[in-house]
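Working notes for the structure below.
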Amino acid sequence: MDMMPEPLRARERAERIHADIRSRICMLDYPPGMKLSETALAAELGISRTPIRRVLARLEDEGLVTSVHGVGTMVTNVDYSEMSQVYRLRKELVLLQTVLDPIQPDAAFLQRFQALYTRSEALKTAPSARDFSLLDQDTFLTLLDLTANAPLRTMAERLYFRTARIWLQQVTSSHIDLMQEIDIYARELQDLLGALELGDLDAVGHIRRGHISMSFARMRV
Numbered sequence: 001m002d003m004m005p006e007p008l009r010a011r012e013r014a015e016r017i018h019a020d021i022r023s024r025i026c027m028l029d030y031p032p033g034m035k036l037s038e039t040a041l042a043a044e045l046g047i048s049r050t051p052i053r054r055v056l057a058r059l060e061d062e063g064l065v066t067s068v069h070g071v072g073t074m075v076t077n078v079d080y081s082e083m084s085q086v087y088r089l090r091k092e093l094v095l096l097q098t099v100l101d102p103i104q105p106d107a108a109f110l111q112r113f114q115a116l117y118t119r120s121e122a123l124k125t126a127p128s129a130r131d132f133s134l135l136d137q138d139t140f141l142t143l144l145d146l147t148a149n150a151p152l153r154t155m156a157e158r159l160y161f162r163t164a165r166i167w168l169q170q171v172t173s174s175h176i177d178l179m180q181e182i183d184i185y186a187r188e189l190q191d192l193l194g195a196l197e198l199g200d201l202d203a204v205g206h207i208r209r210g211h212i213s214m215s216f217a218r219m220r221v
């Protein structure tokens, strides 16, 4: 019997809906400029419009959608000048994630990360921009578990998903070489896995910082 209090169930449901719609935006299932219908989303998810309205308000606060008077809620376009600033901030935050309230990786964490590395190697024989983007999201969220600092986790997650669409837009428009990116990413995960196995979180932070910097430099924005 489910004894979870209703407020907790509602909160978990809202988190799942938020993560689902955010992922659709980042995976370009909901491309920039697309109108999001509260009614359609509520019908699809089998819930009332109230939680959908709250999730969309949260996504607007995160910069992924915007409310246009007389039109509705629209998926935002990427502001590349702003994204440059966001990437620079993210480079510094990854260092803090291994310093502020750090959590040493245990055997279960290493197993999770090994699975991520295995997925990166599999992409070499079955390349997919979508699968790559999903892998990157999973890698980010996994590494976020290395810090227990709640404000830092919130800020890092928010900024990551602000920039997540850029790479996929670039690769789908042939501005980025997908196979080259897969090779580079697999090497990054291999290096990170080695550092994690040693428990060297300082190395983890600097490896990630370097790759975030180089990844943005490869984008033709």
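Quick note: the sequence shown, position 24, residue 24 per full-length UniProt numbering, numbers continuous.
Note that beta-carbon positions come from the ideal geometry of N, C-alpha and C, so glycine has one too.
- A contact is defined here as three or more CB-CB pairs under 8 Å, and the stretch 179-196 meets this definition with respect to the stretch 108-126.
- Assigned with DSSP and collapsed to three states, Pro102 falls in strand.
- DSSP places Gly205 in the helix class (H, G or I) of the three-state scheme.
- No Cβ-Cβ contact shorter than 8 Å links Ile21 with Val71.
- CA-to-CA, the gap between Asp200 and Gln97 works out to about 13 Å.
- Shown here for Arg208: same chain residues with a beta carbon closer than 6 Å to its own, the five before and five after excluded, namely Val94 in chain order.
- Exclusion of the five residues before and after Leu45 leaves Ile17 as the residues of its chain whose Cβ lies within less than 7 Å of its Cβ.
- Taking a cut-off of 8 Å on C-beta distances, the stretch 106-114 does not touch the stretch 157-166, as fewer than three cross pairs fall below it.
- Collapsing the DSSP output to three states places Val71 in coil.
- According to the DSSP assignment, Asp145 belongs to no alpha helix (DSSP H), since it is labelled neither H nor E.
- When Lys124, Ile212 and Lys35 are compared, the shortest CA-CA separation from Gln180 is found for Lys124.
- Within the DSSP bridge table, the entry for Leu36 names Thr73 as partners.
- Asp202 and Val68 have their C-alpha atoms roughly 44 Å apart.
- Secondary structure at Val78: coil, using DSSP grouped into helix, strand and coil.
- The beta carbons of Gly63 and Thr76 sit about 6 Å from each other, so the pair counts as a contact at 8 Å.
- Residue environment analysis places Val99 among the exposed positions, since fewer than 16 neighbouring C-beta atoms fall within 10 angstroms of its C-beta.
- Assignment of Thr66 by DSSP, reduced to helix, strand and coil, places it in the strand class.
- For the set His206, Ala43 and Ser128, the Cα lying nearest the Cα of Thr172 is the one of Ser128.
- In the DSSP assignment, Tyr30 falls outside any alpha helix (DSSP H) and carries neither an H nor an E.
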